[in-house]
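Novice:
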Amino acid sequence: MLQFPTQANIEVYESKKKEATKIIRQQKRTAEKKKIKEMEKYRHNPKEFFRRCKSLKNGYKPAICSLTNEKGDLIMNSKDIAEEFKNYFNKMLNNNNNKESEIVQGDSQGEEEIIIHGTEESTELQPSSTEIDLIILSLKNNKAAGEDGIFGEFLKIGGQQLRGRIYRLILLIWQKEQIQKEWEMAIIFKNGLRPGDTLSPVLFNLALEEIIRSLPRGQRMEVNEGYTCLAYADDLVLLGDTRQDVIQILSDLMKASKQIVLSVNQEKTKYMFLSRKTKSEEDMKDLEVDGLTFQQVSSFKYLGVNANNTNCMHEEIKLRLQSANITYFAMLLLFKSRFLSRKTKEKVYTIYLRPIATYGCNTWATTGGDYKKLLVFERKILRKIYEPIFDDSEQKWLRRSNEDLKNLYPKEEIVQFVRSLRLAWAGHAWRADGSLIKMVMVNQIDLKRPRKRWLDAVRRDIEELKPDWNGNLDLAYARDVWGELVLEAKSLNGS
Numbered sequence: 223m224l225q226f227p228t229q230a231n232i233e234v235y236e237s238k239k240k241e242a243t244k245i246i247r248q249q250k251r252t253a254e255k256k257k258i259k260e261m262e263k264y265r266h267n268p269k270e271f272f273r274r275c276k277s278l279k280n281g282y283k284p285a286i287c288s289l290t291n292e293k294g295d296l297i298m299n300s301k302d303i304a305e306e307f308k309n310y311f312n313k314m315l316n317n318n319n320n321k322e323s324e325i326v327q328g329d330s331q332g333e334e335e336i337i338i339h340g341t342e343e344s345t346e347l348q349p350s351s352t353e354i355d356l357i358i359l360s361l362k363n364n365k366a367a368g369e370d371g372i373f374g375e376f377l378k379i380g381g382q383q384l385r386g387r388i389y390r391l392i393l394l395i396w397q398k399e400q401i402q403k404e405w406e407m408a409i410i411f412k413n414g415l416r417p418g419d420t421l422s423p424v425l426f427n428l429a430l431e432e433i434i435r436s437l438p439r440g441q442r443m444e445v446n447e448g449y450t451c452l453a454y455a456d457d458l459v460l461l462g463d464t465r466q467d468v469i470q471i472l473s474d475l476m477k478a479s480k481q482i483v484l485s486v487n488q489e490k491t492k493y494m495f496l497s498r499k500t501k502s503e504e505d506m507k508d509l510e511v512d513g514l515t516f517q518q519v520s521s522f523k524y525l526g527v528n529a530n531n532t533n534c535m536h537e538e539i540k541l542r543l544q545s546a547n548i549t550y551f552a553m554l555l556l557f558k559s560r561f562l563s564r565k566t567k568e569k570v571y572t573i574y575l576r577p578i579a580t581y582g583c584n585t586w587a588t589t590g591g592d593y594k595k596l597l598v599f600e601r602k603i604l605r606k607i608y609e610p611i612f613d614d615s616e617q618k619w620l621r622r623s624n625e626d627l628k629n630l631y632p633k634e635e636i637v638q639f640v641r642s643l644r645l646a647w648a649g650h651a652w653r654a655d656g657s658l659i660k661m662v663m664v665n666q667i668d669l670k671r672p673r674k675r676w677l678d679a680v681r682r683d684i685e686e687l688k689p690d691w692n693g694n695l696d697l698a699y700a701r702d703v704w705g706e707l708v709l710e711a712k713s714l715n716g717s
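Every number in our numbering is 222 more than the matching position in the sequence shown, counting from 1.
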């Protein structure tokens, strides 16, 4: 039709295009309604229910079913793609290059000779008898046996003859690149790990643990003295009293990392100066350590929580609500649907949305303004769940009042939820005598204290619930009594 773009043909084309778009939208709505109807059936099956919630939230994402082969041609057929992967991994994992031969003689008892193939480069990489001896001698005593049931002490007292047999067995495995079925729990590395290998994070964590333990100066977990190294997986936080302390510990860390061929990512590593004193010109500069420059920032994210140089929680609460709002609008179709019951929508809110808004709330030092923002967010969702009411006298739809929402919603408000979690964490931290979290709570900083501390918020909650306690946290040692306090916090009016 468009080959002859006359006015009549263009009008017909536009009309057909609108009609096709309308049909597609109708079909999309029908498919979405069908999915939502099916979700209601799985309300009591959390795994399947939230899998479908996530699918609906993320929307349709076409699967990538194409691949380019070595020639650069595009492959679409699933069998051809599987064959291409097979050839790729076969070539990558089974390197059968031309190899020279080396003979390892058997011992005096007439054991067979083992021929070890390898180029000059691979011969240098293959294990030596000295390495095997050192590994056996370094085995720890009084440890449980592995899958083979052999204790480390047995290998040590076996003498040189047993070690020789183990060495020849290792060389044979090295040559064939195969292990016995009984050894399936063991691991042999020949060419190292490739990116994406499932063992990579495990070995990285072990290597990082060794680095931290081998630092020249011991890491003291103190609040007001020394410096602290906090590590969680590959996320490290280095704390120091002065700029020079941070430079020193970071330099030690970089030197220890180089010994096992690890390096610090300059782009992802940031420096933040936290102080209520007036900052000097030197404090405002980026951090330079051993030829690397690390950018100074006013805030950064650590384990999903925003940390800033003013130690202000208002910005963190604002970011949490932004994330929760993004998720809410992505799932708006669920809250607007008539096919889902109110109970199901309440479940989606309390299990899917509320955890996003309150992530890390255990450590929030909240104010009345923060509570108001949280309540506004929650009431917006509840009004969408319970829908407006029709006023017969005025003949118009009215939004539900806060009192209506409180009567309709059977669970605690979000403010009560935050208070209960904060009190539960406070009790846990107060009972942890001698730990870092207890030191943070108890120790005082020799500066003008901030307007409100987290401990002040905890004591205020206690005074509202139990005035006769006088904000005494020592009652946290009585777990049953403190548990009752946490439950009572859920019924505290969060106005």
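Ideal Cβ placement from N, Cα and C applies to all residues, glycine included.
Just the Cα atoms here: how many angstroms apart are Met298 and Glu399?
Specialist: Counting from one through the sequence shown, the residue named residue 298 turns up at place 76. Counting from one through the sequence shown, the residue named residue 399 turns up at place 177. Spanning the two alpha carbons is a distance of roughly 34 angstroms.
Novice: What's the gap between the Cα of Leu643 and the Cα of Tyr571?
Specialist: Along the sequence shown, read from residue 1 onward, the residue named residue 643 stands at position 421. Along the sequence shown, read from residue 1 onward, the residue named residue 571 stands at position 349. If you take the alpha carbons of Leu643 and Tyr571, they lie about 18 angstroms apart.
Novice: If you count every other CB in all the chains shown that lies within 10 Å of the CB of Lys567, and 16 or more means buried, which is it?
Specialist: Taking the sequence shown and counting its residues from 1, the one referred to as residue 567 is at position 345. Under this definition Lys567 is a buried residue.
Novice: Buried or exposed for Trp704, please, with buried defined as at least 16 other CB atoms from any protein chain shown within 10 angstroms of its CB.
Specialist: Position 482 of the sequence shown, counted from the start, is the residue given in the question as residue 704. Trp704 is buried by the Cβ-count criterion.
Novice: In the DSSP output, what is Gln195 paired with across the bridge?
Specialist: Any answer about residue 195 is impossible in this case: the structure gives the chain only from 223 up to 717.
Novice: Three-state secondary structure (DSSP) at Thr290?
Specialist: Position 68 of the sequence shown, counted from the first residue, corresponds to residue 290. Thr290 falls in the strand class under three-state DSSP.
Novice: Counting only runs of 3+ residues fully inside the region 531 to 596, write out the beta strand (DSSP E) ranges in chain order.
Specialist: Taking only runs of at least 3 residues, no beta strand (DSSP E) segment lies wholly in the region 531 to 596.
Novice: Does DSSP classify Asn528 as helix, strand or coil?
Specialist: Position 306 of the sequence shown, counting from 1, holds the residue named residue 528. Strand at Asn528.
Novice: Sorted by chain position, which residues of the same chain lie with C-beta nearer than 7 angstroms to Phe561's C-beta, five sequence neighbours on each side aside?
Specialist: Against the sequence shown, residue 561 aligns to sequence position 339. Hits under 7 angstroms: Lys255, Ile258, Lys259, Glu262.
Novice: Does DSSP classify Val664 as helix, strand or coil?
Specialist: One-based indexing of the sequence shown puts residue 664 at position 442. Three-state result, Val664: helix.
Novice: Quick check: the Cα distance between Pro577 and Cys583, rounded to an integer number of angstroms?
Specialist: What you label residue 577 is simply residue 355 of the sequence shown in a count that begins at 1. What you label residue 583 is simply residue 361 of the sequence shown in a count that begins at 1. Looking at the two C-alpha atoms, the distance is approximately 9 angstroms.
Novice: Would you mind giving the Cβ-Cβ distance between Tyr524 and Val598, rounded to the nearest angstrom? I have them listed as a contact below 8 angstroms.
Specialist: Along the sequence shown, read from residue 1 onward, the residue named residue 524 stands at position 302. Along the sequence shown, read from residue 1 onward, the residue named residue 598 stands at position 376. The pair is not a contact, with the Cβ atoms about 28 angstroms apart (cut-off 8 angstroms).
Novice: Count the other CB atoms, across all protein chains shown, that sit within 10 Å of the CB of Asp690; report buried if there are 16 or more and exposed otherwise.
Specialist: Within the sequence shown, residue 690 is the residue found at index 468, counting from 1. Looking at its Cβ environment, which holds fewer than 16 other Cβ atoms inside 10 Å, Asp690 is exposed.
Novice: Cβ atoms of Lys507 and Arg265: under 8 angstroms apart, would you say?
Specialist: The residue labelled residue 265 in the question sits at position 43 within the sequence shown. The residue labelled residue 507 in the question sits at position 285 within the sequence shown. Taking 8 angstroms as the Cβ cut-off, Arg265 and Lys507 do not qualify as a contacting pair.
Novice: On the three-state DSSP scale, how would you describe Ala700?
Specialist: Locating residue 700 in the sequence shown gives position 478, where the first residue counts as 1. Reduced to three states, the DSSP call for Ala700 is coil.
Novice: Quick one: what does DSSP say Ala453 is sitting in, helix, strand or coil?
Specialist: Your numbering for residue 453 matches position 231 in the sequence shown. Three-state DSSP puts Ala453 in a strand.
Novice: Take Leu541 as the anchor and find which of Ala529, Phe226, Ser657 has the nearest alpha-carbon.
Specialist: Mapped onto the sequence shown, residue 541 falls at position 319. Nearest option by C-alpha distance: Ala529.
Novice: Closest to Lys501 by C-alpha separation, out of Gln518, Val637, Thr290, Asp613, would be which residue?
Specialist: Counting from one through the sequence shown, the residue named residue 501 turns up at place 279. Out of Gln518, Val637, Thr290, Asp613, Gln518 has the C-alpha closest to the C-alpha of Lys501.
Novice: Alpha carbon to alpha carbon, how far is Glu710 from Ser657? Give it in angstroms, no decimals.
Specialist: Numbered from its first residue, the sequence shown carries residue 657 at position 435. Numbered from its first residue, the sequence shown carries residue 710 at position 488. Distance between the alpha carbons of Ser657 and Glu710: 28 angstroms.
Novice: From the DSSP output, in three-state form, read off Ile482 for me.
Specialist: For the purposes of this step, residue 482 is identified with residue 260 of the sequence shown, where counting begins at 1. In this structure, Ile482 counts as coil in the three-state DSSP scheme.
Novice: Determine the direct distance from the alpha carbon of Asn533 to that of Glu510, and round the result to whole angstroms.
Specialist: Residue mapping note: residue 510 aligns to position 288 of the sequence shown, counting from 1. Residue mapping note: residue 533 aligns to position 311 of the sequence shown, counting from 1. Distance between the alpha carbons of Glu510 and Asn533: 24 angstroms.
Novice: Locate the beta strand (DSSP E) running through Leu620, then write down its first and last residues.
Specialist: Working through the sequence shown from its first residue, we reach residue 620 at position 398. Here the beta strand (DSSP E) through Leu620 covers 618 to 620.
Novice: At what residues does the beta strand (DSSP E) containing Ile401 begin and finish?
Specialist: For the purposes of this step, residue 401 is taken as residue 179 along the sequence shown, with counting starting at 1. Segment: none, Ile401 is in no beta strand (DSSP E) and carries neither H nor E.
Novice: Between Ile410 and the rest of its own chain, which residues show a CB-CB distance below 6 angstroms, the 5 nearest in sequence each way excluded?
Specialist: As a first step, residue 410 is located in the sequence shown; it is residue number 188 there, counting from the start. Confidence at Ile410 is low in this model, with a pLDDT of 49, below 50, so its placement is unreliable and the value that follows should be read with caution. Around Ile410: no qualifying Cβ.
Novice: From the DSSP output, read off the bridge partner residues of Ile395.
Specialist: Within the sequence shown, residue 395 is the residue found at index 173, counting from 1. Note: Ile395 sits in no beta bridge, so no partner.
Novice: At a threshold of 7 angstroms, does Thr228 count as lining the ligand FAD (C-beta to nearest heavy atom)?
Specialist: With respect to the ligand FAD, the structure shown offers nothing to examine, as it has no ligands at all.
Novice: Is it true that the CB of Ser545 sits closer than 8 angstroms to the CB of Asn531?
Specialist: Locating residue 531 in the sequence shown gives position 309, where the first residue counts as 1. Locating residue 545 in the sequence shown gives position 323, where the first residue counts as 1. No, they are not a contact pair.
Novice: So what does Lys523 bridge to, in DSSP terms?
Specialist: The count along the sequence shown starts at 1 and reaches residue 523 at position 301. Bridge partners of Lys523: Asn528.
Novice: According to DSSP, Asn510 sits in a beta bridge with which residue or residues?
Specialist: In the sequence shown, residue 510 corresponds to position 288, counting from 1. The amino acid at residue 510 is misidentified as Asn; the sequence shows Glu. Glu510 pairs with Thr515.
Novice: Take Lys606 as the anchor and find which of Lys660, Ala478, Leu627 has the nearest alpha-carbon.
Specialist: The count along the sequence shown starts at 1 and reaches residue 606 at position 384. Per the Cα distances, Leu627.
Novice: Where does the unbroken alpha helix (DSSP H) through Phe426 begin, and where does it stop?
Specialist: Residue numbering aside, residue 426 sits at position 204 when the sequence shown is read from its first letter. From DSSP, the alpha helix (DSSP H) with Phe426 extends over 422 to 435.
Novice: Hey, would you say Met476 sits closer than 8 angstroms to Val468, going by beta carbons?
Specialist: For the purposes of this step, residue 476 is identified with residue 254 of the sequence shown, where counting begins at 1. For the purposes of this step, residue 468 is identified with residue 246 of the sequence shown, where counting begins at 1. No, they are not a contact pair.
Novice: Just the Cα atoms here: how many angstroms apart are Ile392 and Asn364?
Specialist: Counted from its first residue, the sequence shown places residue 392 at position 170. Counted from its first residue, the sequence shown places residue 364 at position 142. C-alpha separation (whole angstroms): 25 angstroms.
Novice: Just mark Met535 as buried or exposed, buried being the case when its beta carbon has 16 or more other beta carbons within 10 Å.
Specialist: As a working note, residue 535 is residue 313 in the sequence shown. Counting Cβ neighbours within 10 Å, Met535 comes out buried, since at least 16 surround it.
Novice: Taking all protein chains shown into account, decide if Cys287 is buried (16 or more other Cβ within 10 angstroms of its Cβ) or exposed.
Specialist: Locating residue 287 in the sequence shown gives position 65, counting from the first residue. Exposed.
Novice: Pop quiz: Leu377 and Leu361 are said to be a contact at Cβ under 8 angstroms. What is the actual Cβ separation, rounded to whole angstroms?
Specialist: Residue numbering aside, residue 377 sits at position 155 when the sequence shown is read from its first letter. Residue numbering aside, residue 361 sits at position 139 when the sequence shown is read from its first letter. Yes, they are in contact, since the Cβ atoms of Leu377 and Leu361 sit about 6 angstroms apart, within 8 angstroms.
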